[in-house]
Amino acid sequence: MTNAENIGTAKFIAMNDEALRIENRKLYTSDAVWQDMIIEMSEEKINCDLENSEAIKQFSRPENGQDTISLHNIRPNCHARVYRVTDFNLEGVFPEELSVGENIYRSGDTNTIVGIATTNDTPLWLESNQPLNTAVNLYIVHYQTETGLLFIYSQQKTEVIYESIADSFCESHTKIPRNEMNRVLAGFSNYEFFNTGMQNRYAEAGESYRIYAGSNTAASIDETTGMMLSAGHAFCKVNQGGTDATIGYSSGSKFWSSSYLPIPEYVSWCDTFGKKIVNGKLEVKTNTNYDRLPIPTGISKYSNNIIFCFFPENAFLSPPSLRINGTDERIGLLTDADLNVISITPDGRGVVFDFIFGDVTERFVCNTMGEYASSTNQFLCRDGVHATTLAEYFTENPLLFKAADDTVYSGHEVLKGNITFEGFDQNRVVVFDWDEPNADITKEAEGAPKGKVTIQEAIKEHLLQGEQYSHIFFDHGPGEIADFLTFRPEGSFIKVELYHCKAMKGKQYNSSVEDVYEVAQQAVKSTVWIKSKTALLTKIQARIKGSSTSAFLRGDLKTLKALLQSQKAMETMIYIVQPAVSKETTMNEPFGKVLSAAAFYIRHTGRAKELKIIGTK
């Protein structure tokens, strides 16, 4: 208050400014000299604003002369996808599908491009092409000359958009593996992890993702966790020079903070962490249990011992529908298909595999950057209203390739294995007399000569003779759980058995990898359906509804539902039925390695008690 004359009408100003709140806390610190601090902070703020203003003046205006939004008013949240690139082109243009048009600002001083796009979209709930939603999207591209890194800010955080932008401004680009992205955590103190993601190399179909959220998530990581899981993403509060901040990173070459900054400060933020990312001498020590987690590295070459290929976890959580390209008819779900690894390219930089649905096969190659290519594009998958080729879908949702030594390849990264497989324990082979039912062991489901039965028919007869089973479910066909599922209540447990059948194609026992490769992969894949009683019941209901061949051989859905909804716990065994596996004949190394790997993976899912083989004496 003052009694001075001619000072005008008093004003009251309300501000919602995080920076102001921080500075207020400084003011109210005990023994603070207010006058000196006010002058210091005012000068600091003014100098910062002047620097930002000068930096923004270096940006060229849109060619149409129309400023859609003033750059002074833009405050992007600190988030970026980062690439290692060659031949940056400052004069590049954004992909046409982003609708940026001529609303582009360029700064040669900082090698930064800002694009502002206005788009009109149709809501998902509206069955028409009428655009009702108007959105303004911000894109920032920044190239750091010193490190050769490209930073991309996009409000639409999809793989396709990031890749298309990088293609527009660079000759070539590669993602940064997690072991290098992890360096953004270096140089801080007082790490408090409140969101951590961990990839499980052993869970269903090759992958599950565990997320911990809370005030101290690193405390939940123990030695066992470090052996079973690897670092997926991390977000934490840190301290640097007495100031608290947040920093996080993830797979896919992304890092972020919770701050919102003017464009010049955002560029400086990118540059600061870019220098960390390329600094191979940096060692990250958080002095928390987070340090126990192994971190995937970049793929230089694929090993020749890759034996399994799996869909990612999110494909099972929300499987897209599958269509033949050129039609709009839904033929099934993505996860109903089979995946078979064919070979490694001669240079070691690609995995060749087949995607098989029914009698249609599409061949793919995945390179070391996690990019998928197909020469035919026979299939399309639709997730909601969006349809993409399988190559695009797999690039966005990378498959998992597993080697016999426990190494896992996914996208552009590899997590090295830490075990050496021994030969398969042939005590796990259960001898079956195929002569008794007069089975043709070269015929799996049909085509047996007159007077003989197929492998499936022999196993069916055998199971039906077992009076202990309350329910027997037959489920042969695309998307199957297993050829046969049996259920029997025993004490406080429901004993569940899955049987996967395959015919003998090789000329000798324990010799042809083709005899065990596909069925071993099916056995591992089936663990996704036994993660809980609810998951298994839901899948069985879906199979009855969607498959003409799936049916109960004993029992019915109503009584099985009552059994699975009881308080009894589920205990599962998985059987591979393959007459080519002999209990007494010595296994060659590739043959035994496939079975050993399958047994190891299944055991470590924690979902099945054991893998056994029904074979031949």
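Just so you know, we're using the numbering used here here: the sequence shown kicks off at 1 and counts up by one.
For glycine and all other residues, C-beta sits at the position ideal for the given N, C-alpha and C.
What you are looking at is a predicted structure, and each value in this text was computed from that prediction instead of being measured.
Here the alpha carbons of Val408 and Ser550 stand approximately 33 Å from one another.
Secondary structure within the region 90 to 141: the beta strand (DSSP E) runs of 3 or more consecutive residues, fully enclosed, are 104 to 107, 112 to 121 (chain order). Residue range 484 to 490 is occupied by the beta strand (DSSP E) that includes Pro489. Your pair Thr572 and Lys545 does not check out as a contact, with CB atoms roughly 23 Å apart and the cut at 8 Å.
Cα atoms of Asp433 and Ser582: separation of roughly 12 Å, rounded to the nearest angstrom. Between His412 and Gly242, the C-beta spacing is not below 8 Å. Under a 10 Å Cβ-count criterion, Asn182 is classified as buried, with 16 or more other Cβ atoms of the shown protein chains found around its own Cβ. Of the other Cβ atoms in all chains shown, fewer than 16 fall within 10 Å of the Cβ of Gln468; this residue is therefore exposed.
The shortest C-alpha to C-alpha distance from Leu537 to any of Leu553, Glu518, Thr559 is the one to Thr559. Phe591 counts as buried, since at least 16 other C-beta atoms from the protein chains shown sit within 10 angstroms of its C-beta. Counting only unbroken stretches of 4 or more residues, the alpha helix (DSSP H) elements lying wholly within the region 290 to 343 are 313 to 317, in sequence order. For the pair Arg323 and Lys275, the Cα-to-Cα distance works out to about 45 Å.
Contact check between the region 286 to 301 and the region 212 to 224: three or more CB pairs, one atom from each, fall below 8 Å, which counts as touching.
Between Gly417 and Asp405, the gap from beta carbon to beta carbon is short of 8 Å.
Under the three-state reduction of DSSP output, Phe88 falls in the coil class, being neither helix nor strand. Between Arg178 and Ile331, the C-beta spacing is not below 8 Å.
The closest CA to that of Tyr266, considering only Ala135, Ile152, Asn325, Pro579, is found on Ile152. Nearest C-alpha to Val496 among Gly92, Gly384, Ile574, Thr119: Ile574.
The criterion of a C-beta distance shorter than 8 Å is not satisfied by Asn190 and Thr145. In this structure Trp125 is exposed. Its beta-carbon is surrounded by fewer than 16 other beta-carbon atoms within 10 angstroms. In the three-state scheme derived from DSSP, where H, G and I count as helix and E and B as strand, Cys236 is classed as strand. Taking 3 residues as the minimum length, the beta strand (DSSP E) runs contained wholly in the region 414 to 465 are 429 to 431, in order along the chain.
Annotation for Ala569: the continuous beta strand (DSSP E) segment containing it runs 569 to 582. Cβ-Cβ distances below 6 Å link Asp336 to Pro478, Gly479 in the same chain, with the five nearest sequence neighbours on each side left out; the list follows chain order. The C-alpha of Ile277 is placed about 19 Å away from the C-alpha of Asn239. In this structure, Ala482 sits near Ser526, with a CB-CB distance shorter than 8 Å. Under the 10 Å beta carbon count, Leu132 is surrounded by fewer than 16 other beta carbons and is classified as exposed. Within the same chain, Cβ atoms closer than 7 Å to the Cβ of Lys568 are found at Pro489, Ser492, Phe493, Ile494, the five residues on either side in sequence being excluded.
Scanning its chain for C-beta atoms nearer than 7 Å, with the 5 sequence neighbours on each side dropped, one finds around Ser168 the residues Gly92, Val93, Phe94, Pro95, in chain order. In the DSSP assignment, Phe169 falls within the alpha helix (DSSP H) that extends over 159 to 169. Counting every other CB atom within 10 Å of its CB across the protein chains shown gives Ile342 a total below 16, marking it as exposed.
Rounded to whole angstroms, the Cβ separation of Tyr372 and Phe394 is 4 Å, and the two are in contact under 8 Å.
Judged by their CB atoms, Val453 and Ile614 are not nearer to each other than the 8 Å cut-off. CA-CA distance, Asn304 to Glu518, rounds to 17 Å. Residue Thr86 holds the alpha-carbon nearest to the alpha-carbon of Tyr143 among Ser99, Thr86, Asp354. Cβ-Cβ separation between Phe255 and Val184: approximately 5 Å, consistent with a contact (criterion under 8 Å).
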